[in-house]
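A quick write-up on the structure given underneath.
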Amino acid sequence: MTSAPGRRSSTFTRLLRHGFTDPSAAERLLDSAGLALVRNDPVLLDALGATADPDLALQGLVRLLEAQGGATARQELLDTLIAAKPLRDRLLGVLGASEALADHLARHPSDWQALVTYEPRDLHPGLEEFERGLAGATDPVSLRVAYRRCLLSIAARDVCGTIEVAQTAAELADLATATLRAALALARAAAPEDAALCRLAVIAMGKCGGHELNYVSDVDVIFVGEAVDGADEDKALRAATRLASHLMRICSETTVEGSIWPVDANLRPEGRNGPLVRTLASHLAYYQRWAKTWEFQALLKARPVAGDAALGEEYVAALQPLVWQAAERENFVADVQKMRRRVVENIPAAEIDRQLKLGPGGLRDVEFAVQLLQLVHGRSDASLRSGTTLDALKALAAGGYVGRADAAQLDDAYRFLRSLEHRIQLHRLRRTHLVPEDEADLRRLGRSLDLRTDPVATLTREWKRHASVVRRLHEKLFYRPLLDAVAALAPGEARLSAEAARERLIALGYADPAAALRHLEALASGVTRKAAIQRTLLPVLLGWFADSADPDAGLLTFRKVSDALGKTPWYLRLLRDEGAAAENLARVLSAGRLAPDLLMRAPEAVALLGDGGGGLEPRPRAHLEQEMLAAVRRADNAVQGVTAARGVRRRELFRTSAADIVGSYGTESQPAEADQGALVDLVGGAVSDLTAATLSGTLRAVVREGWGDTLPTRFAIIGMGRFGGHELGYGSDADVLFVHEPRDGVDEREAAEAAGKVVAEMRRLLQVPSADPPLLIDADLRPEGKSGPLVRTLASYEAYYRRWSLVWERHALLRAEHVAGDEDLGRRFTELIDPLRYPAGGLDEEAVREIRRLKARMESERLPRGADPKLHAKLGPGGLSDVEWTVQLLQLRHGAEVPGLRTTRTRQALTAARAAGLISEEDAATLDEAWVLATRVRNAVMLVRGRAGDTFPTVPRELGAVGRYLGYGPGHAGDMLDAYRRTARRARGVVEELFYGGS
80 MTSAPGRRSS TFTRLLRHGF TDPSAAERLL DSAGLALVRN DPVLLDALGA
130 TADPDLALQG LVRLLEAQGG ATARQELLDT LIAAKPLRDR LLGVLGASEA
180 LADHLARHPS DWQALVTYEP RDLHPGLEEF ERGLAGATDP VSLRVAYRRC
230 LLSIAARDVC GTIEVAQTAA ELADLATATL RAALALARAA APEDAALCRL
280 AVIAMGKCGG HELNYVSDVD VIFVGEAVDG ADEDKALRAA TRLASHLMRI
330 CSETTVEGSI WPVDANLRPE GRNGPLVRTL ASHLAYYQRW AKTWEFQALL
380 KARPVAGDAA LGEEYVAALQ PLVWQAAERE NFVADVQKMR RRVVENIPAA
430 EIDRQLKLGP GGLRDVEFAV QLLQLVHGRS DASLRSGTTL DALKALAAGG
480 YVGRADAAQL DDAYRFLRSL EHRIQLHRLR RTHLVPEDEA DLRRLGRSLD
530 LRTDPVATLT REWKRHASVV RRLHEKLFYR PLLDAVAALA PGEARLSAEA
580 ARERLIALGY ADPAAALRHL EALASGVTRK AAIQRTLLPV LLGWFADSAD
630 PDAGLLTFRK VSDALGKTPW YLRLLRDEGA AAENLARVLS AGRLAPDLLM
680 RAPEAVALLG DGGGGLEPRP RAHLEQEMLA AVRRADNAVQ GVTAARGVRR
730 RELFRTSAAD IVGSYGTESQ PAEADQGALV DLVGGAVSDL TAATLSGTLR
780 AVVREGWGDT LPTRFAIIGM GRFGGHELGY GSDADVLFVH EPRDGVDERE
830 AAEAAGKVVA EMRRLLQVPS ADPPLLIDAD LRPEGKSGPL VRTLASYEAY
880 YRRWSLVWER HALLRAEHVA GDEDLGRRFT ELIDPLRYPA GGLDEEAVRE
930 IRRLKARMES ERLPRGADPK LHAKLGPGGL SDVEWTVQLL QLRHGAEVPG
980 LRTTRTRQAL TAARAAGLIS EEDAATLDEA WVLATRVRNA VMLVRGRAGD
1030 TFPTVPRELG AVGRYLGYGP GHAGDMLDAY RRTARRARGV VEELFYGGS
């Protein structure tokens, strides 16, 4: 076959077009004597071009032809190849995908005839067919040859697409079963005296047991032995051990025909340190007393495959009940998760990105997730008890334990990854799970999976896509905290019967089990998918509700939320699939009244509790203002604008309260926040920012409706008290001052009227009864108090403070901070009052005495009648007032000379005082601890009762709820009160010294 110099032959071009990467070598092979007569046959070239590697297929074909016994045999092969499409596709498909099977055919050239038959029985052979195929083996060598011949038929139908990946894996497992039986028969024939002494059963484990074997894999087994009637047990076990050892050698040892696969018995009790063969009683005793969690997980796939069938069935029947009790073991789920993480950590760094089986997003991720779900839910649902991964996944989806879409994606990804694994191993029949790096190998793999357009890039992209899907879904399913709680339930409780539910509710401390049962019936009855998911969730939620002080309220509110959202497609999916959402919801609903009340006004806010709903992290003030101002711009009038702003405020109050509750209670994966001060700062900062944003939005709405874009006077709002100090609680009013300044050319009376109307309308709109909580504006700290005008000009404030200000007013100004409105006006107001609140030279003694008198009078006059002063968080000894007045006295006396004291925030000022040496580190820590605890008590009371309060509740259940929030378990409310008294008493001692002692 020659061509003019510089020109390529037409055959060369045709070979390139058919996918050959070395057309010159292919031309030479086609010119060989064996193929001379068919080299230009388009049928042959088309068939070669359809293979995974046309070059490899052609090489294998030439070798096979050369190995034939003579010209007649070669011609028979060629004639059949050209005439019979099934053989052509099968034989060339194998030769183009497997170098190892091409080697086998070259050694055993007549075995190609095993691919000729194209009968229905041949399309889907089972265990019986494989046993017939191995029946003629009389020694380990002939067994290997027969095994490869059977493997050839599986591989041929696999690469041609006659069978899909799950069927391939099942047939490989059936072939392994037939091989184990043949090997045992050879071992028995070699030692008939041993065979006569014992009954030996071979239990397949792992992928063989699960009917999902690879082309090349260790075949995991466990051996069970018993003495035959009348035989000595010790002698029988020694005989069984010799038979088992011989079986393993027959399959594992390398001969002139190579090996079949290693037989691995390390999953047996005590692993490689334990006896190879045990009696059934010994197995049972071990699993009942000593087995680790992973050993029960391994038993999921146990299947008798060879030897004494009755003994094998007895083994499975005895041990399967233990498998389904494994989830009751302490730390069961955590143990399984830890084992999976350990597998990943042990992968060499150089391999982790190429690991198809063990790496992140690999096959093991799917298998572990499915097995964990099986073990947890299979206790009460027998439909989940399959050893085959894809069958179990299908059952999990049918039962509502896994979302249909998630199951479909996992199924698709698992099939792709297994197909890729099969093709990698098929090439050289080597046990590997690494995706190759060589481009030629990747090209062959891509083409073998029918990725013909740019096979290397397409294969890599598809592999990474499926691995990413597996990783994402594995984390959703495998690490779902729900499973921990379900696994901790007593047997039979993963699905509730009515009587079991009543007993469970009483045991959990539900005060009204009859009402709770009605809620459960409403939630979980019926055959809908919604009810199925609720039945999965409820046993877990009941436990979480019971971990609170008021489980009845938690369950009732959960029913209300479910009634409101049950028809939305995302709600139950969120609780089932989004990590901590279900536990977060349970904590929030059962912690008290405030958060559930906020949620019930807009139940869709439950999405905030999930992993993807924006989270519970408070939003920055700038983002809140932006959202509220945008809502005001879209509104038709001020009422609509302020209603929208109040809706945002309600949602964000829920977010903050939920974050506070979850941080205080902790979850099963995240302990409670140890830094109580951090929780106080979170709530104070978030609520203060939210209040400032609400005032900004309301101000814009009122001005826009009354005056358009510009008010006749500049207008600013100054935060006072806890508002200015960024320390607002859930139930705090907004203490403010209003200041304005007429614009150039505007009459002062007109400006004052406009400012007054703005204030009046803002207060009205923020208090209009609605589904959203009101925001009360308190301006009583203004000059002249309630007797003075609500709003003043900056000049009026300057004149008043210069001539008339009292000590208490200067004291109150320590917390003043601009929060809304004209920033320049707010800055100038701050500059105006700085000399008053941080006076040069500090306070004179008369001013100090006046402050002390005011404090003493407030303690005696404002403490509610009948209240226990020692437990009053605001006005009692060592309470908020004590700490704040002590810190503020230091600010008034030293603020001019210590810049760090010029802050509106109590804890920051206390830190600055300590840094400046004005207070010892120990005293500062004592005051800070007391202030944080008192603030937490007030927040707890609001969360629990839904209304503000400064002292501990007297109702036992409410007191218990406050205790849970503060970290005290059931029955420890007395310890909580004692701890509060101790903390407050120590703080009062510091206050007596620093505030009243004249220091």
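Numbering-wise, the sequence shown is residues 80 to 1078 according to the working numbering. Beta carbons: idealized from backbone N, C-alpha and C, even for Gly.
For residue 125, which residues of its own chain have a beta-carbon under 8 Å away from its beta-carbon, when the five flanking residues on both sides are left out?
-> 97
Local Cβ density within 10 Å of residue 349, reported as buried at 16 or more and exposed below that | exposed
Which residues in the same chain have their Cβ closer than 6 Å to the Cβ of residue 704, if we skip the five residues on either side of it in sequence?
-> 772 and 775
Is it true that the CB of residue 499 sits closer than 9 Å to the CB of residue 435?
-> yes
Rounded C-alpha distance that separates residue 489 from residue 453 = 15 Å
Is it right to say residue 1000 is buried, meaning 16 or more other beta carbons lie within 10 angstroms of its own, or is it exposed?
-> exposed
In whole angstroms, what separates the C-alpha of residue 361 from that of residue 324?
-> 19 Å
Would you mind working out which of 788, 722 and 696 sits nearest residue 766, comparing C-alpha positions?
-> With distances taken between Cα atoms, residue 766 lies closest to 696.
Are residue 318 and residue 286 closer than 9 Å when you measure CB to CB?
-> no
Distance, Cα to Cα, residue 303 vs residue 279?
-> 6 Å
Helix, strand or coil for residue 794, going by three-state DSSP, please let me know.
-> strand
Measuring CA to CA, which of 322, 258, 190 and 392 is closest to residue 282?
-> 392
Which residues in the same chain have their Cβ closer than 6 Å to the Cβ of residue 1070, if we skip the five residues on either side of it in sequence?
-> 961 and 965
Excluding the five sequence neighbours on either side, which residues of its own chain have a C-beta within less than 8 Å of the C-beta of residue 156, listed in chain order?
-> 143, 144, 147 and 191
Straight-line CA distance for residue 253 to residue 246?
-> 10 Å
Candidates 264, 835 and 379: closest to residue 458 by CA position | 379
Expressed to the nearest angstrom, what Euclidean distance is found between the alpha-carbon atoms of residue 572 and residue 618?
-> Per-residue confidence for residue 572 stands at a pLDDT of 42, beneath the threshold of 50, marking its modelled position as unreliable; the derived number appears in the next sentence. Straight-line Cα distance between these residues: approximately 7 Å.
Under the DSSP definition of a beta bridge, which residues are partnered with residue 282?
-> 301 and 383
Test item: CB-CB of residue 653 and residue 681 under 9 Å | no
In whole angstroms, what separates the C-alpha of residue 854 from that of residue 446?
-> Distance between the alpha carbons of residue 854 and residue 446 is about 54 Å.
Exposed or buried, which one is residue 1066 when buried takes at least 16 other CB atoms within 10 Å?
-> buried
When you compare only the Cα positions, how much space is there between residue 522 and residue 534?
-> Each residue's alpha carbon lies about 5 Å from the other.
What residue ranges within the region 838-889 form continuous beta strand (DSSP E) runs of no fewer than 3 residues, ordered along the chain?
-> 870-872
With residue 785 and residue 836 assumed to form a contact (beta carbons below 8 Å), what rounded beta-carbon distance in angstroms separates them?
-> 7 Å
Exposed unless 16 or more other CB atoms sit within 10 angstroms - verdict on residue 996 | exposed
CB residue 100 to CB residue 519, shorter than 9 Å?
-> The answer is yes: Cβ separation under 9 Å.
9 Å Cβ cutoff met for residue 950 and residue 1056 | yes
Just how far apart, CA to CA, sit residue 732 and residue 1025?
-> 13 Å
Starting from residue 821 and walking both ways along the beta strand (DSSP E), at which residues does that stretch end?
-> 813-821
May I ask you to list the residues that DSSP assigns as paired with residue 896?
-> 798.
Any idea if residue 885 is buried or exposed, counting beta-carbon neighbours within 10 angstroms, 16 or more meaning buried?
-> exposed
Segments assigned alpha helix (DSSP H), at least 4 residues, entirely inside the region 487-554 | 518-527
Run through DSSP, which three-state label would residue 1069 get?
-> Helix.
Integer-rounded CB distance, given that residue 800 should sit under 8 Å from residue 894 = 5 Å
Contacting residues, own chain, Cβ-Cβ under 8 Å from residue 1060 (five flanking each side not counted) = 949 and 950
Any idea if residue 352 is buried or exposed, counting beta-carbon neighbours within 10 angstroms, 16 or more meaning buried?
-> exposed
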